[in-house]
Every structure is written in structure tokens, then in C-alpha cells.
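Counting from 4, one number per residue, gives the positions in the sequence shown under this note's numbering.
Reviewing the structure listed below.
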Amino acid sequence: MTPTGTNPTGNRAGVLSGSVGFASRAVVQLLLFGVTIVATRTLSIDDFGAYAIGSLFLILARQLFYVGPYEYLLKSQDDGNLFSACFGANLVQAAVLALLLGAVWLATPLLFPAGKVSMILGLLVPAILPVAAVAWYEAVLLRAMRVKRYYASLLVGDTLGAALAVFLLLHGWGVVALVAQTYARLISVLVLLALATGQRPSLAARPRAIREVLHWSRARHVAVLLNFTSAYGADLVLGVALSPAATGLYRASNRIVSALSDLFAQPLQKIAQTNLSASCVRRQDSGTAWLTMLSGVGAVAWSGLLTLACLAPDLVPFALGAKWAPAVPIVVVFCAVKAFALLDAVTTSFLVCHDRQRAMLKVQAASAVSVIGLAWFSARWGPQAVALAVGLTTAAMSLTYAAMVMRQSRADRHAVRAVAWTSAPPVVAVGIGLALFEACAPQLAALPRITAGLAVAALSFFAGAFLVRHRILDAIGSLGHLPAPSAGPLPHPHEEPALCAKT
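In C-alpha cells, the structure reads:
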């Protein structure tokens with residue numbers, strides 16, 4: 004019998020839509036994890052750290068293209084100039100960022116005299132232009148609600164990039180292999196998205212329209228700069244205060260955990276952004292849909308992070324090599340941090356759709372200042388202390404966002420209890436199962452112990468999930484639920500949609 008309130012057809016569509024995104028992301032994360040394993044075994048910790056530092060600036064530039072014009076294109080009414088104005092805004096951003104990165108490239112030898120960081124950054128600066136084009140095409144495709152095609156295109160691009168990186172790493176190309184991976188992915192994704200949309204970029208936008216997009220984007224760009232400082236400021240502090248090797252240890256630990264957490268967070272963020280933006284454009288109140296989406300994905304993601312934290316003492320040295328054993332406690336800390344960060348996948352999308360960018364800036368500014376200060380203070384005790392200090396700050400930011408969204412969406416205690424009742428049983432079951440395994444399991448070699456631990460975690464998860472299976476399926480099914488278009492004119496981009504913005 005179907006539970007009350009369940010829409011079987013809608014849930015099947017939602018589960019299918021969500022499954023495509025999560026399955027695609029799972030393959031991509033496995034590929035990236037494979038590249039990380041090969042890189043850590045073929046590169047020195049210093050070389051890996053040099054690439055981590057050099058690539059940080061491209062990561063920042065890339066993030067700037069996925070807010071501002073990108074979000075404006077997703078949530079705004081097309082007045083005939085929308086697409087060309089957003090493309091023009093991306094080109095302006097690309098030109099400015101290329102100049103800024105060029106200046107940073109000239110300055111890097113002063114901070115990192117070895118020269119590897121400067122070389123890597125110099126090779127990555129030209130990637131700004133394809134990043135700008137890819138971001139525009141992604142927004143065009145997602146605006147058309149073609150989420151499956153979006154993930155298929157990214158999957159092909161990531162596969163080609165990862166394959167090239169592994170091939171070059173195994174043939175002695177060093178960090179250049181990771182640079183080549185970046186370009187291979189960007190170019191292949193650009194071609195696939197261009198073919199998928201069938202839309203040619205236009206430079207016919209009026210300068211006034213471009214300025215309007217950039218003006219709207221200012222708060223979001225500042226937010227990215229602050230978020231980047233919160234997420235990556237510790238990498239730079241460790242590189243300057245200690246060494247690139249310390250950054251390499253810190254970043255490798257983050258990558259291991261991100262390989263798992265991003266499997267859930269990235270598709271959830273994209274689907275939430277697409278669905279919530281569509282709700283606002285169609286003048287529909289999304290209510291507490293963000294909590295429903297979070298609960299189903301959280302049941303799986305939080306169970307996975309708990310499993311990784313428990314198995315890290317065996318898994319990390321086995322996967323990366325014995326020289327990376329000091330990364331184990333950092334991995335455990337990051338598992339806790341990423342558990343809180345999963346909230347951001349839905350809360351940030353909700354706040355942006357409701358034009359709360361400026362309110363977010365205050366939180367992000369406080370977080371960024373705290374990260375730099377705490378990272379610099381704790382660096383003397385090593386990367387683990389930095390990870391713990393930074394983790395406390397970012398967790399506080401995630402909880403603050405959640406509180407803001409709860410007020411905006413009028414979520415009550417009943418809605419929060421519903422999330423807990425959906426997510427908690429699988430997570431608690433995994434915790435109990437792994438605790439019993441740790442207490443009762445005999446001494447085993449690394450591989451059998453990892454295999455047995457994963458089996459125990461999987462069985463425990465399914466046992467816990469079975470108790471609330473209908474709730475989890477309904478929550479995951481909500482990923483495909485979209486409101487029907489409403490009658491009446493659509494709001495101007497600078498105006499708050501009537502039902503979305505009011506509380």
C-alpha cells in the first residue's frame with residue numbers, strides 16, 4: 004500500500020532523476036579518487052602540495068563563474084537579452100580574472116621560491132576562457148531542466164581527463180599530467196555542452212544589460228571570495244607558515260573525504276538549485292522542500308562519512324601508501340566537517356533564490372576572518388590542528404545558514420523531527436555495526452579488514468534504512484518534484500517573487 008501523501012509516479016521520476024545525478028557523480032568521484040591515488044604514489048608530497056597551491060587560484064576563478072551570471076541566467080525571466088547579457092558578463096569576468104591571475108603568477112616566486120607553484124599557475128591561467136564558456140553552457144542546459152544530459156556531458160569529460168592524467172602520471176610527466184587533465188576535461192565538456200544546447204553564444208547584448216547582470220552579481224562574487232577563504236585559506240597558510248608538504252598532506256586528506264562527500268553534495272546542490280530556482284521563476288512557494296531533499300540524501304551521505312572515519316586508519320595508508328599515514332587523523336576531522344557542509348548544498352541555493360545574498364555575506368565574512376586567524380594560530384601544531392580549527396568555523400557557518408533558511412521557510416519542529424526520523428536510523432545502525440565490528444573482529448591484514456568493515460557498514464545501513472524505507476524513498480523522490488507554472492507575469496530579476504520572497 005502506498006503511504007499517505009506519496010505520489011508513486013512523481014517519486015519514480017524523482018528517484019530516476021536523482022539516481023542519474025548520483026550515479027554519474029559516483030563514477031566521477033571514483034575516477035578522481037583513482038587519479039589522487041596514482042598521483043600520491045607517483046609524486047612526492049612536495050610536488051603534490053605545489054600543485055595543490057598552484058591550482059587553488061584556478062579553483063577560485065572557476066567558482067566565480069558558477070555564481071552571479073550563472074545564477075542570474077537560471078532564475079531570471081528571458082527578456083530577449085538574458086542569454087547574451089550573461090555570456091557577455093562571463094567574458095568580462097574572464098578578462099578581469101586573467102589579468103589578476105597573471106599578476107598573482109608574477110608574485111608567486113616571492114612566497115614560494117622553489118618555482119613549481121609559479122610554473123603550475125602559469126600553465127593554468129589560460130584555462131579561464133574555456134571555464135567561462137562551460138559555465139554559460141551549463142546554465143543554459145540546466146535552465147532547460149535537462150539535468151540528465153548535463154551529468155552525461157560532465158561524466159564523459161571527467162572520464163577523458165582522468166584517463167589522460169593517469170596515463171601521463173604513469174609515464175613520468177609529473178604535475179604536468181594534472182594540468183593536462185584540467186584542459187582535457189574543459190575542452191571535451193565544452194564541446195559536449197555546445198552540442199547539447201544547440202545555442203550559439205551571442206555578443207549582441209547591450210552594455211547596459213551586461214552591467215545589470217554584473218551589478219546583481221557583486222554580492223555573490225564577494226561571497227565566493229569569502230567562501231574560498233574559508234575553504235582554502237588554510238591551504239595557503241600551511242604552505243606559507245610551514246611548507247608545501249604540509250599543504251599536500253592537508254589537501255590530500257581533504258580530497259579523500261571530498262571524493263565521498265561530493266558524491267552526494269554536488270548532485271544535491273545542482274538539483275536543489277534547479278528545482279528551487281524553477282519554483283521562484285514560476286512564483287511557487289517551495290516551503291520546506293529543502294529539508295525533504297536533505298533528509299533522503301543525508302541518510303546515505305552521513306552513513307558513508309561515518310564509515311570512512313571509522314575505517315580511515317586502515318584505508319588511508321592502504322590506498323595512498325605508507326608515507327601518507329599522517330593524513331589519517333586529518334581525514335577523520337574532515338569527515339565530521341563535511342557532514343555539516345552537506346547542509347550547504349540546499350541552504351545556499353534556497354537563500355540565493357530568495358535574494359538573501361547580502362545577509363549571507365555577513366556570515367561568510369565572519370567565517371573567512373575566523374578561518375585565516377585560527378589557521379595561522381594553530382599551524383604551529385600541524386595540519387591536524389588546522390583542520391580541527393577550520394572545521395569548527397565552517398560547521399558554525401553551515402548551522403547559521405540552516406537557521407536562516409528555517410526562519411525563511413517557516414520550518415517548525417515537526418519538519419526538523421521528520422528529517423531526523425528519516426536520516427537517523429541508518430546512521431545509528433552503521434555506528435552500532437562498526438562499533439561491534441571494532442570490538443569483536445580479530446586482528447586482520449589491511450585489505451581483509453577494510454573489506455569486512457565495508458560489508459558490516461553496508462549491512463548495517465540497509466538494516467537501518469529498511470525501518471524507514473518509505474520515508475527515504477519519498478525524500479529522494481522529492482528531488483524530481485517541480486511546481487506547475489502559475490498564471491500571471493513573471494517577476495523582474497531584481498524583484499522578489501511574490502510567494503518565494505515573503506515570509
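Don't be surprised by glycine CBs; every beta carbon is placed ideally from N, CA and C.
Just so you know, these numbers come straight off a predicted model, no measurement behind them.
- Judged by DSSP secondary structure, residue 182 falls within the alpha helix (DSSP H) whose first and last residues are 179-200.
- The straight-line gap separating the alpha-carbon atoms of residue 253 and residue 328 is approximately 12 Å.
- By the neighbour-count criterion, in which a residue is buried when 16 or more other Cβ atoms sit within 10 angstroms of its Cβ, residue 83 is exposed.
- Around the C-beta of residue 384, fewer than 16 other C-beta atoms lie within 10 Å, and the residue is accordingly described as exposed.
- Note that the C-beta distance between residue 275 and residue 348 is below 8 Å.
- Per DSSP, residue 380 is one residue of the alpha helix (DSSP H) stretching across 360-381.
- About 5 Å separates the beta carbons of residue 350 and residue 408, which is inside the 8 Å limit, making them a contact pair.
- Secondary structure of residue 204 (DSSP, three-state): coil.
- Nearest to residue 170 by alpha-carbon distance, out of 216, 183, 234 and 32, is 183.
- The beta carbon of residue 259 sits closer than 6 Å to the beta carbons of 334 from its chain, once the five residues preceding and following it are set aside; these are given in chain order.
- Per DSSP, the continuous alpha helix (DSSP H) segment holding residue 87 begins and ends at 85-114.
- In this structure, 197 is the residue among 176, 197 and 143 with its C-alpha nearest to the C-alpha of residue 160.
- Here residue 458 is exposed, its C-beta having fewer than 16 other C-beta atoms within 10 Å.
- Here residue 479 is buried: its Cβ has 16 or more other Cβ atoms, across all protein chains shown, within 10 Å.
- Going by C-alpha positions, residue 379 is about 16 Å away from residue 114.
- Here residue 70 carries a coil assignment [DSSP, helix/strand/coil].
- Secondary structure note for residue 242: its alpha helix (DSSP H) is the uninterrupted segment 210-244.
- Distances from the alpha-carbon of residue 469 to those of 444, 425, 452 and 450 put 425 closest.
- Counting C-beta pairs with one atom in each stretch, the stretch 360-367 and the stretch 298-315 have fewer than three that are closer than 8 Å, which means they do not touch.
- Assignment of residue 79 by DSSP, reduced to helix, strand and coil, places it in the coil class.
- Within the same chain, and ignoring the five residues on either side of residue 398 in sequence, the residues whose Cβ sits closer than 7 Å to its Cβ are 340 and 343.
- Rounded to whole angstroms, residue 107 and residue 124 show a C-alpha spacing of 9 Å.
- The beta carbon of residue 101 sits closer than 7 Å to the beta carbons of 128 and 131 from its chain, once the five residues preceding and following it are set aside; these are given in chain order.
- When 175, 241 and 199 are compared, the shortest CA-CA separation from residue 376 is found for 241.
- The continuous stretches of alpha helix (DSSP H) do not include residue 415, and DSSP gives it neither H nor E.
- In the same chain as residue 155, and ignoring 5 residues on each side of it, no C-beta atom comes closer than 6 Å to its own.
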